[in-house]
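*Asks:* Numbering (the numbering used here), first residue to last: 699 to 903. Using N, Cα and C, we set each Cβ at its ideal position, and we do this for glycine too. Here the structure is a predicted model, which is why all the values come from computation and not from measurement.
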Ligand code: GAR
């Protein structure tokens, strides 16, 4: 299957700016694939409204109060019905069940606003400021069964300025997120990589 006929499933919970950056690159042909389905666990998510406006296949199920495994089984059905090849978490603020991760093993990417393994979990930019690091950034990684821990695909660094607030630092990191997520997706869809332990290594096939 060529990269161009591959189908992305994008999972989001909120603003959806990473989704929009990916969609923009797909629509202008810089990223050779299709968006197969956009899913949100928050029916009111701004990103979901944008997917609708763009005429993309999309849907939501409210995750509030739902059993994780049962909820994820419904999400997996939706993604499979829409023949999704690669799943991209784009601000999807919900832990995935082990069943979901093994069903799509090696086919789930996430973006996180820090240079992992530093500052996993919530409020990574705040964690970076509190810790006093001078450089932070963002990471695209494969998703495994632990939080923000799978093999790293791409990273980009940004400086932390003395004048930074969480808002200014987040905005600087976000600009890099929008670049590297599409770059990582394009690379992974082409399939010219292998995973050795924790290392994602470029191949030339
Ligand atoms: C992004 O900064 C993303 O890295 C972060 O949520 C934001 C979503 O923004 N994800 C995480 O913190 C996951 N642990 P967006 O909805 O505008 O793409």
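Buried or exposed: where does residue 871 fall if 16 or more other Cβ atoms within 10 Å of its Cβ makes it buried?
*Replies:* So residue 871 ends up on the buried side.
*Asks:* Per DSSP, what kind of secondary structure is residue 802 in: helix, strand or coil?
*Replies:* Coil.
*Asks:* If you draw a straight line from the C-alpha of residue 707 to the C-alpha of residue 730, how long is it?
*Replies:* The straight-line gap from Cα to Cα measures roughly 14 Å.
*Asks:* For residue 887 and residue 704, which I take to be in contact (beta-carbon distance under 8 Å), what is that distance rounded to the nearest angstrom?
*Replies:* Confirmed, Cβ separation roughly 5 Å.
*Asks:* Indicate the three-state DSSP secondary structure (helix, strand or coil) for residue 707 in the structure shown.
*Replies:* It is a strand residue.
*Asks:* Apart from the five residues just before and just after residue 901, which ones in its own chain have a Cβ nearer than 7 Å to its Cβ?
*Replies:* If we look at residue 901 and ignore the five residues flanking it on each side, its Cβ neighbours are 890, 891, 892.
*Asks:* Tell me which same chain residues have a C-beta within less than 8 Å of the C-beta of residue 780, skipping the five on either side of it?
*Replies:* Within the same chain, residue 780 has close Cβ partners 705, 707, 734, 735, 755.
*Asks:* Can you give the Cα-Cα distance for residue 760 and residue 885, rounded to whole angstroms?
*Replies:* So the alpha carbons of these two residues sit roughly 32 Å apart.
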